[in-house]
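Enquirer:
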Amino acid sequence: VVFDPPPRGLDRRGNEYRIDGAGTFAVSCASPGVEEMPSAALQVRPGLPASLSLSLFPERAVYRVGSVVEIVAQATDIVGNPVAGDLLEFFTEPELPSFGDGRFRLEQEGLYTLGVRVNGETWEERELEQTLTILVDYGGPGVNCVFPEMGQRIELPAGGAHRISGTVADIAGVQSLLVDGVPVDMDGEGRWQADVPVRWGLNVHDIIASDGENETSTFCAYYAADRFAAPNLPMLDTLQLRLSQDAFDDGGPDAPLRSLGDALRRVINSQGLTDTVDRAASAQNPIVPNECRARVLGICLFRLGVEYQGYENAGPNQLELTLVDGGFRVRVSLREQRVRAQLRGTLGNRARIRAQHLTFDMTFDAGLRNNGQPNIRLRQLNEVSVGDLDADFSGFFGWLISLVFEAFEGLVRDTIVDTLRDFLRDNVDRVLTDLLGNVDIGDLSRGFDIPSLTGGQDIRLVINAALSNLDFSPAALSVGVRTQVDGPIALGDRGPGVPLLPNEENVVVPEDRRAGAAVKLGILNQVMYRLWRAGYFEAEGGGLVASLAGDLPAGTEVFLRFGQPPWVSGVDGESTVRVSVGPLSVGFLHPEFFVEPVRVRVATVIEATLRLIGEREISFEDVSIDEFHLSLAGAEMPDQARQVIEQTVRRVLQGTINRALNDGLPVIPLPDFMIPDSLAEFDLPAGRTLGLREPVLNGTMAAWFLIGNFGE
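So the sequence shown is numbered by the numbering used here: it starts at 4 and just counts up by one.
(1) Taking 8 Å as the threshold, find out whether the stretch 421-433 comes into contact with the stretch 190-209 through three or more Cβ pairs.
(2) Quick one, are the C-beta atoms of VAL177 and ASP214 less than 7 Å apart?
(3) Just confirm the distance between the C-beta atoms of TYR539 and LEU456, as a whole number of angstroms; I'd bet it's less than 8 Å.
(4) Thinking C-alpha only, which one of THR277, ILE621 and ALA469 is nearest GLU339?
(5) How would you call ILE616, buried or exposed, if buried means at least 16 neighbouring beta carbons within 10 angstroms?
(6) My output table needs one value for PHE429: the three-state DSSP class, helix, strand or coil.
(7) Taking only runs of the beta strand (DSSP E) that begin and end inside the stretch 233-298, which ones reach a length of at least 3 residues, in chain order?
(8) Taking HIS632 as the reference, give the member of VAL608, ASP642, GLU73 and GLY26 with the closest Cα.
(9) Say whether the stretch 513-530 touches the stretch 239-249, bearing in mind that this needs 3 or more beta-carbon pairs closer than 8 Å, one atom from each stretch.
(10) Which residues share a DSSP beta bridge with ASN147?
(11) Below 8 Å on the Cβ atoms is my guess for THR27 versus ALA43; work out the distance and round it to an integer in Å.
(12) Would the stretch 561-575 and the stretch 584-602 be scored as touching if the rule is three or more Cβ pairs under 8 Å?
(13) Within its chain, find whatever has a CB closer than 8 Å to the CB of ARG497; leave out the 5 residues flanking it on each side and keep chain order.
(14) What residues are listed by DSSP as bridge partners for ASP104?
(15) Would LEU59 count as contacting chain E if we go by Cβ distances under 7 Å?
(16) Determine the contact status of ASN374 and SER34, defining contact as a CB-CB distance below 7 Å.
(17) Quick one: grab the DSSP three-state call for THR651.
(18) How many angstroms separate the CA atom of GLU92 from the CA atom of ALA78?
(19) Which one of LEU99, THR366 and VAL146 has the shortest CA to CA distance from THR170?
(20) Within 10 angstroms of its Cβ, does ILE379 collect 16 or more other Cβ (buried), or is it exposed?
(21) Consider the C-beta atom of ARG15 and the heavy atoms of the ligand MN; say whether any pair is separated by less than 6 Å.
(22) Could you give the DSSP three-state label for GLU19: helix, strand or coil?
(23) Using the Cα positions of GLY254 and GLY694, report the straight-line distance between them to the nearest angstrom.
(24) Between which two residues does the beta strand (DSSP E) carrying VAL530 extend?
(25) DSSP on VAL434, reduced to helix/strand/coil?
(26) Identify, in the order they occur along the chain, each residue of the same chain with its Cβ nearer than 7 Å to the Cβ of GLU412, setting aside the five sequence neighbours on each side.
(27) For the stretch 382-391 and the stretch 365-374, state whether three or more C-beta atom pairs, one from each stretch, are separated by less than 8 Å.
(28) Rank ILE137, ARG129 and THR125 by C-alpha distance to the C-alpha of GLY3 and give the top, closest one.
(29) Taking the beta strand (DSSP E) that CYS223 falls in, what are its first and last residues?
(30) Grab the span of the beta strand (DSSP E) containing PRO586 for me, first residue to last.
(31) So what's ILE81 in DSSP terms, helix, strand or just coil?
(32) Tell me, please, whether the stretch 458-466 touches the stretch 698-709 by the rule of three or more beta-carbon pairs shorter than 8 Å.
(33) Decide yes or no for the touch test of the stretch 288-300 against the stretch 323-332: beta carbon pairs closer than 8 Å, at least 3 of them.
(34) Can you have a look at LEU236 and say buried or exposed, based on whether 16 or more other CB atoms are within 10 angstroms of its CB?
(35) Between the alpha carbons of ALA557 and HIS593, how many angstroms are there, rounded?
(36) Beta-carbon separation of GLY459 and SER471 under 7 Å?
In structure tokens, the structure reads:
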């Protein structure tokens with residue numbers, strides 16, 4: 004039974020299925036050789052609201068009078084499915100004028116509570132309500148980012164540069180303004196513009212404003228990307244495997260399995276082939292009916308019949324597998340085919356006939372069906388040849404030899420040849436369909452638990468994988484695997500989805516190696532997005548595990564609020580990833596400096612080096628801060644206090660990303676082909692996998708590339 008797309012939390016017990024993930028799925032039954040597999044639509048609806056999250060957009064330490072703030076809320080059921088509908092009621096205390104659904108204009112300075120509650124039936128009759136308190140001020144000296152707004156996502160501009168703008172104000176007047184160290188002019192109302200370079204991902208520009216006596220240091224931060232992927236839809240060809248002709252078929256022997264050709268060699272030398280022919284030949288008995296062959300005066304003097312007794316395939320049989328455009332060619336030579344028979348009637352002699360060889364040459368088309376399953380079918384039968392036949396009919400004579408030989412020859416040329424042809428046609432299709440269709444990425448597709456940063460409940464993620472491309476050419480077999488990361492949802496999202504790296508759609512495995520694989524870093528962005536939606540990075544209530552920041556003085560607390568997920572990119576020529584974080588709001592409480600939490604704004608880029616352990620396990624090491632930007636949002640504090648905040652926040656964010664990388668992708672998801680139980684009859688080791696072995700890793704901005712050998 005095949006679900007497309009694969010649902011989250013799929014549990015099968017016999018013919019009953021339990022599904023946790025809401026959505027609409029096409030359900031079909033797959034069987035080797037079946038051309039059409041109609042599907043039935045299954046809709047799984049979310050349950051009653053069980054939890055509620057709340058965030059603000061834009062998120063600021065202090066809001067200016069006259070600005071507009073939006074409440075971004077998300078209600079979810081008991082297993083983390085978002086619950087849609089007109090369930091949510093937005094409110095403010097004191098009351099603020101509404102500026103659209105969930106949006107409010109901040110017309111007066113002061114403290115305001117913004118909240119949301121669920122109106123209607125809830126899980127176990129829970130009361131679901133969340134609130135946040137904000138400060139609205141006319142604002143003293145300060146810098147405001149107008150375009151792009153803080154945390155906004157923009158398209159990558161042509162030429163790699165664009166113009167940012169903002170405002171600056173100070174009651175004493177502003178004498179100078181620096182953007183990334185370059186002086187910038189202002190008009191009479193404090194508006195400014197600056198031309199700046201732009202890169203994919205997080206862009207941060209340092210702003211320093213001075214009134215001649217004091218300076219305000221802050222930053223404007225935003226993200227740039229051209230394309231985004233819908234988080235609920237699979238990302239195509241995230242994982243790729245390329246097999247050259249030599250990896251597709253490396254010639255004999257077939258142990259150990261070093262190619263797909265080796266798997267088919269097991270088939271043509273299996274007992275299953277012999278048993279199939281034996282059953283077909285037995286069904287033809289008697290080969291010659293047991294009848295009277297000579298009569299004198301109505302009396303039968305001689306009766307004769309011939310009965311098939313057994314078939315032997317002396318072997319070893321040979322196979323050649325060759326890639327062609329849109330498919331592959333199979334040439335099979337079966338050596339020493341022997342048929343035994345028993346005479347019935349007057350004589351009881353035994354007979355044997357031998358074919359020196361049988362040769363079959365076939366071309367198959369290969370590709371993918373609409374449901375993502377391999378579609379392998381015979382294109383044409385190029386050749387069938389039967390070698391010289393010789394017989395051992397000791398004790399036979401004259402017309403008897405002719406009668407028996409003709410019967411045996413017909414058995415070989417018709418029944419046995421037809422049976423072997425059909426066996427090869429059906430089982431080449433079956434074996435390659437079962438192998439290629441049984442793509443496996445290990446435990447990642449069965450679900451894995453990620454420990455909470457705050458010591459709470461683990462977050463369970465599932466990486467659903469299925470074929471998205473199957474391309475045959477004379478040069479190589481290319482396999483593409485789509486991925487979709489699923490998990491519970493705790494936070495609402497008003498953004499465009501999962502960011503796609505530049506040239507990610509052009510990632511291909513290098514052609515100069517026997518076997519290779521590519522892993523698009525989009526899978527890390529899928530994981531980070533799902534962790535963020537699940538609330539993994541939220542530590543607004545404190546409680547971060549001590550291992551994230553090391554030993555801190557008693558009473559120290561750090562509060563995190565991620566406005567969006569971290570973005571991940573690679574580095575050309577290295578196995579290094581860069582993780583963009585922020586701009587995020589960080590609360591800090593320290594007994595020596597702050598009796599009440601102080602809010603700061605942070606944007607950072609963290610680098611980590613990927614190390615491959617064995618063939619699949621990975622470790623992100625040397626996790627370090629490459630860029631760090633801190634804004635105190637206009638607050639004044641001693642240099643020592645600022646240093647303590649910066650050092651602590653650095654360690655916390657470094658530890659957070661370290662944990663997210665290593666727990667979020669514990670093994671590299673190289674696609675393997677698992678040998679199903681159904682192929683055990685051909686002496687193929689059920690449960691074992693065929694895939695890339697002994698890989699060597701390198702990277703680019705958009706992908707990791709792994710070069711190695713293919714086999715079990």
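Where a beta carbon is used, it is the ideal one built from N, C-alpha and C, also for glycine.
Quick caveat, the model's predicted, so the values are computed rather than measured.
Expert: The structure says:
(1) no
(2) yes
(3) 7 Å
(4) THR277
(5) exposed
(6) For the record, residue 429 in the displayed sequence is Asp; it is not Phe. Note: ASP429 maps to helix in three-state DSSP.
(7) 238-247
(8) VAL608
(9) yes
(10) THR170
(11) The Cβ separation is near 11 Å, so there is no contact.
(12) yes
(13) PHE60, GLU73 and VAL75
(14) Looking at the DSSP assignment, ASP104 forms no beta bridge with any residue, so it has no partner.
(15) Note that chain E does not occur in the displayed structure, where there is just one protein chain.
(16) no
(17) helix
(18) 11 Å
(19) VAL146
(20) buried
(21) Inclusion of the ligand MN in the displayed structure is not the case, the ligand content being empty and no account of it being possible.
(22) strand
(23) 17 Å
(24) Where VAL530 is concerned, there is no enclosing beta strand (DSSP E), although the alpha helix (DSSP H) it sits in stretches over 525-536.
(25) helix
(26) LEU392
(27) yes
(28) Since the first and last residues shown for the chain are 4 and 715, residue 3 lies out of range.
(29) 218-227
(30) 579-593
(31) coil
(32) no
(33) no
(34) exposed
(35) 8 Å
(36) no
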